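Engineer: Just so you know, the protein sequences line up as chains A and B, in that order.
Numbering that gives the first Met the number 0 applies: residue 0 is where the first sequence begins, and numbers increase by one.
Numbering that gives the first Met the number 0 applies: residue 0 is where the second sequence begins, and numbers increase by one.
This structure is in structure tokens; I'll ask about it shortly.
Protein chains: 2
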Amino acid sequence: MTEDRVEILKNELVKKDIRPSYHRIKVLEYLHAHENHPTADEIYAELHSQIPTLSKTTVYNTLNSFVEAGLARAISIDGVERRFDITVIDHGHFRCDRCGAIINFSIDLNALAVHGLEGFQVTGKNVYFSGLCPSCNQLQIQEKE
Amino acid sequence: MTEDRVEILKNELVKKDIRPSYHRIKVLEYLHAHENHPTADEIYAELHSQIPTLSKTTVYNTLNSFVEAGLARAISIDGVERRFDITVIDHGHFRCDRCGAIINFSIDLNALAVHGLEGFQVTGKNVYFSGLCPSCNQLQIQEKE
DNA sequence: CTCTATAATTGTATTAATTACAAAAATATA
DNA sequence: TATATTTTTGTAATTAATACAATTATAGAG
Numbered sequence: 000m001t002e003d004r005v006e007i008l009k010n011e012l013v014k015k016d017i018r019p020s021y022h023r024i025k026v027l028e029y030l031h032a033h034e035n036h037p038t039a040d041e042i043y044a045e046l047h048s049q050i051p052t053l054s055k056t057t058v059y060n061t062l063n064s065f066v067e068a069g070l071a072r073a074i075s076i077d078g079v080e081r082r083f084d085i086t087v088i089d090h091g092h093f094r095c096d097r098c099g100a101i102i103n104f105s106i107d108l109n110a111l112a113v114h115g116l117e118g119f120q121v122t123g124k125n126v127y128f129s130g131l132c133p134s135c136n137q138l139q140i141q142e143k144e
Numbered sequence: 000m001t002e003d004r005v006e007i008l009k010n011e012l013v014k015k016d017i018r019p020s021y022h023r024i025k026v027l028e029y030l031h032a033h034e035n036h037p038t039a040d041e042i043y044a045e046l047h048s049q050i051p052t053l054s055k056t057t058v059y060n061t062l063n064s065f066v067e068a069g070l071a072r073a074i075s076i077d078g079v080e081r082r083f084d085i086t087v088i089d090h091g092h093f094r095c096d097r098c099g100a101i102i103n104f105s106i107d108l109n110a111l112a113v114h115g116l117e118g119f120q121v122t123g124k125n126v127y128f129s130g131l132c133p134s135c136n137q138l139q140i141q142e143k144e
């Protein structure tokens, strides 16, 4: 990790009024490097192997502060699993019901016509689709034969 | 509850290959009567007071079978709470970050342009917004003064 | 109507994710 | 350097959900 990279990450935290401690930088770095929507436990497992003193509570505290600050999102397709990702605009999440993979897709949220939210202040938008990914779809068809 | 109502509920279950037991009819009835997205625990608490022998496991089993059959949806804005609602097409869920209220709004999902899901079989679509409902928005403004 | 097989329900025990909280360590400030 | 504040740790507690074996209810055969 170069100095520059660390500086950029620090800056990202400071801009959101989060003090750039070592652990927080590490969690943020992990989220940037792993856009495959890790669970809190996956983040802990990986970072704990690098930083043996890291506690799970810190990971949870850090993730919660990130979500509160809008740095990250907590996503859950059906309420069964809670996963995190770096906030990136205009993408939805697809979850395959068979293999569990979570895949980003791009959407144009501005084109979404909404009725019934007059007077509401909308700050967060999440779109979750589910079904079968191409390979699982193939398997499903083969099984039926 | 009139005979007619029970017949309609029974039919709804049978059509989805779910045997219309007394408890299942009661859970389905509850979901129809309470479109405010109850948790499994809320459903249990209310029905348990009517049916003292009802167990929580049955409520969970029933809800899971409903979701699997497409009769109900499990929703979760941020992975913290799991809530259920009767499947109604073309509506999204708004969750107020301040008071926690969950409000339906209508959307035209067909108008949503999606890229990156070619070859996928999409069977479920959920749209979650969050922010402040009108009354909490007012309170927030007043506090800042 | 009775017997039997199957399905549904119960209740307890277990698992797993998350939070609470107080003590310890690290960091910033005077 | 001393002190106050923040961060982190580690354990305990909480909570939602599931597993599973025992019990009860139901449907169909005879």
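For glycine and all other residues, C-beta sits at the position ideal for the given N, C-alpha and C.
No experiment lies behind these values; they were computed from the predicted model shown.
1) Note down, in chain order, all residues in the stretch 101-122 of chain A with a beta-carbon under 9 Å from any beta-carbon belonging to chain B.
2) What are the start and end residues of the beta strand (DSSP E) that includes Ala32 of chain B?
3) Do the stretch 108-119 of chain A and the stretch 75-84 of chain A meet, that is, are 3 or more Cβ pairs less than 8 Å apart?
4) For Asn35 of chain B, is the classification buried or exposed, using 16 other Cβ atoms within 10 angstroms of its Cβ as the cut-off for buried?
5) Assuming contact is defined by CB atoms lying nearer than 8 Å, are Ile106 of chain B and His92 of chain B in contact in what I supplied?
6) Name, going along the chain, the residues of the stretch 124-139 of chain B whose beta-carbon falls closer than 8 Å to a beta-carbon of chain A.
7) Do Ile42 of chain B and Val58 of chain B have their CB atoms nearer than 8 Å?
8) Check whether the Cβ of Phe93 of chain B lies closer than 8 Å to any Cβ atom in chain A.
9) Identify which residue in A:Lys15, A:Ile17 and A:Val5 has its Cα closest to the Cα of Tyr29 of chain A.
10) Could you please give me the residues that DSSP links to Ala100 of chain A through a beta bridge?
11) Quick one: does the C-beta of Lys55 of chain A sit closer than 7 Å to a heavy atom of the ligand MG?
12) Can you pull the DSSP bridge partners for Ile85 of chain B?
13) Under a three-way DSSP split, which group does Ser54 of chain B fall into?
14) What is the DSSP secondary structure of Cys95 of chain A, reduced to helix, strand or coil?
15) Could you confirm whether any beta carbon from chain A is found closer than 8 Å to the beta carbon of Ser177 of chain B?
Structural biologist: Reading it off the structure:
1) Taking 9 Å as the Cβ-Cβ cut-off, the stretch 101-122 of chain A approaches chain B at Ile102, Asn103, Phe104, Ser105, Ile106, Asp107, Leu108, Ala110, Leu111, Ala112, Val113, His114, Gly115, Leu116, Glu117, Gly118, Phe119, Gln120, Val121 and Thr122, given in chain order.
2) Sequence index remark: in the second sequence, residue 32 of chain B carries index 33 (1-based). For Ala32 of chain B, there is no enclosing beta strand (DSSP E); the residue is found in the alpha helix (DSSP H) stretching over Tyr21 to Ala32.
3) Too few Cβ pairs lie closer than 8 Å, so no.
4) For the purposes of this step, residue 35 of chain B is taken as residue 36 along the second sequence, with counting starting at 1. Of the residues assessed, Asn35 of chain B falls on the exposed side of the cut-off, its CB having fewer than 16 other CB atoms within 10 angstroms.
5) Here residue 106 of chain B refers to the residue found at position 107 when the second sequence is read from its first residue. Here residue 92 of chain B refers to the residue found at position 93 when the second sequence is read from its first residue. Contact: no.
6) Within the stretch 124-139 of chain B, the qualifying residues are Lys124, Asn125, Val126, Tyr127, Phe128, Ser129, Gly130, Leu131, Cys132, Pro133 and Asn136.
7) Indexing the second sequence from 1 puts residue 42 of chain B at position 43. Indexing the second sequence from 1 puts residue 58 of chain B at position 59. Yes, they are a contact pair.
8) The residue labelled residue 93 of chain B in the question sits at position 94 within the second sequence. Interface criterion met: the Cβ of Phe93 of chain B is under 8 Å from a Cβ in chain A.
9) Within the first sequence, numbered from 1, the residue matching residue 29 of chain A stands at position 30. Checked all of A:Lys15, A:Ile17 and A:Val5; the closest Cα to Tyr29 of chain A is A:Val5.
10) As a position in the first sequence, residue 100 of chain A is number 101, starting the count at 1. DSSP lists no partner for Ala100 of chain A.
11) No copy of the ligand MG occurs in the structure displayed, which carries no ligand at all.
12) Counting from 1 along the second sequence, the entry for residue 85 of chain B is found at position 86. Paired residue(s): B:Ala71.
13) Here residue 54 of chain B refers to the residue found at position 55 of the second sequence. It is coil, neither helix nor strand.
14) Mapped onto the first sequence, residue 95 of chain A falls at position 96. The answer is strand: DSSP assigns Cys95 of chain A an E or B state.
15) In the structure displayed, chain B extends from 0 to 144; residue 177 of chain B sits before or after that span and is not available.
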